[in-house]
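J.: Under the working numbering, the sequence shown is numbered contiguously, ending at residue 244. Even glycine gets a Cβ: it sits at the ideal position worked out from N, Cα and C.
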Amino acid sequence: MLDVNFKGTVNLLEAMVNQNAKFIIFSSTAGVYGNPQSIPIKENHPANPTSVYGESKLMIEKILSWYDQIHEIKSVSLRYFNAAGASLDGVLGERHKEETHIIPLAIQSVLSKSSFSLYGTDYDTPDGTCIRDYIHVEDLCHAHLMVLEQSLSHKISAVYNIGTGRGYSNKEILDTVEQISGKKLTVRTESRRPGDPSQLIADPSKITNELGWTPKHSDLPTIIQSAWDFHRKPGISS
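1. Just tell me which of 239, 227, 219, 201 has its CA closest to the CA of residue 58.
2. Sorted by chain position, which residues of the same chain lie with C-beta nearer than 7 Å to residue 131's C-beta, five sequence neighbours on each side aside?
3. In its own chain, which residues sit with a C-beta less than 6 Å from the C-beta of residue 307, not counting the 5 before and 5 after it?
4. Taking 8 Å as the cut-off, does the segment 78 to 95 touch the segment 27 to 45 (at least 3 CB pairs, one atom from each stretch)?
5. Helix, strand or coil for residue 222 per DSSP?
6. Please go through the same chain and pick out, in chain order, the residues whose beta-carbon is closer than 6 Å to the beta-carbon of residue 90, but skip the five residues on each side of it.
7. Note down the Cα distance separating residue 196 from residue 102, rounded to an integer number of angstroms.
8. Just list the residues that DSSP pairs residue 23 with in beta bridges.
9. Would you mind working out which of 88, 191, 53 sits nearest residue 119, comparing C-alpha positions?
10. How would you label residue 232, buried or exposed, when you count the other beta carbons within 10 angstroms and need 16 or more for buried?
11. Leaving aside the five residues before and after residue 145 along the sequence, list all residues of the same chain whose C-beta is less than 7 Å from its C-beta, in chain order.
12. Are the beta-carbon atoms belonging to residue 178 and residue 226 less than 8 Å from one another?
13. For residue 68, which of 105, 86, 164 has the nearest alpha-carbon?
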């Protein structure tokens, strides 16, 4: 992971120096925050990653700051919260060889008639399950485009949260999958996974105030309906 995330980015930045390229948009993660001290999470929240993935992204953000100071390469780091869903036309979606994300896992469980593992029902949340801030992939793409458009006239270095400011629990995810699919999930309750915070919710007001970005498709039914439509295509979940 460090080879791909860190070394790969440094190689790219060195190529940018050689070609006199002066702007980059970096896909970062809410994982840089670690266990939150306050909710919702602002960009100035202390960064204390609890995973190698989050640490690698934070390392890159720091390197980008140095390349700005030394080489005047401006960068905008977008800290994604939970990207989810599929393109609204059903063409593009999420499919991993080893799936770890709750929405496609729940959909695959419905389609394959297999059980779904729910990790932790004793969190300090209203229904006992983790709460996360889900952002539809089309809203995520729109954020990238708005940053790119701004950079054409005014290149700056900045960090923005990409989330909605609204969280959904794991149980809400499963309930919505059942409603949209019309099928009942077989849920197997498991122990908590180590290091999973009870809540991760963004404060996206900075990018809203500075660039005018607001999510348009990130309500839970739209996210899950788009993912459901994609996974029902022939060959996707087989």
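T.: This is what the structure gives:
1. Within the sequence shown, residue 58 is the residue found at index 52, counting from 1. Minimum Cα distance to residue 58 is reached at 201.
2. Looking up residue 131 in the sequence shown gives position 125. Residues of the same chain with a CB within less than 7 Å of the CB of residue 131, apart from the 5 flanking positions on each side, are 137, 175, 204, 205 in chain order.
3. Any answer about residue 307 is impossible in this case: the structure gives the chain only from 7 up to 244.
4. At 8 Å Cβ cutoff, the stretches touch.
5. Your numbering for residue 222 matches position 216 in the sequence shown. Residue 222: coil per DSSP, three-state reduction.
6. Numbered from 1 along the sequence shown, position 84 holds the residue referred to as residue 90. Here the set comprises 109, 140, 229.
7. Locating residue 196 in the sequence shown gives position 190, counting from the first residue. Locating residue 102 in the sequence shown gives position 96, counting from the first residue. Each residue's Cα considered, the two are about 22 Å apart.
8. The count along the sequence shown starts at 1 and reaches residue 23 at position 17. Within the DSSP secondary-structure output, residue 23 pairs in no beta bridge.
9. Residue mapping note: residue 119 aligns to position 113 of the sequence shown, counting from 1. Closest option to residue 119, Cα to Cα, is 191.
10. Walking along the sequence shown from the start, residue 232 turns up at place 226. Under this definition residue 232 is a buried residue.
11. Position 139 of the sequence shown holds residue 145. So the list reads 221, 222, 223, 224, once near-sequence residues are dropped.
12. Stepping through the sequence shown from its first residue, residue 178 is reached at position 172. Stepping through the sequence shown from its first residue, residue 226 is reached at position 220. Residue 178 places its beta carbon less than 8 Å from that of residue 226.
13. Taking the first residue of the sequence shown as 1, we reach residue 68 at position 62. Nearest C-alpha to residue 68 among 105, 86, 164: 164.
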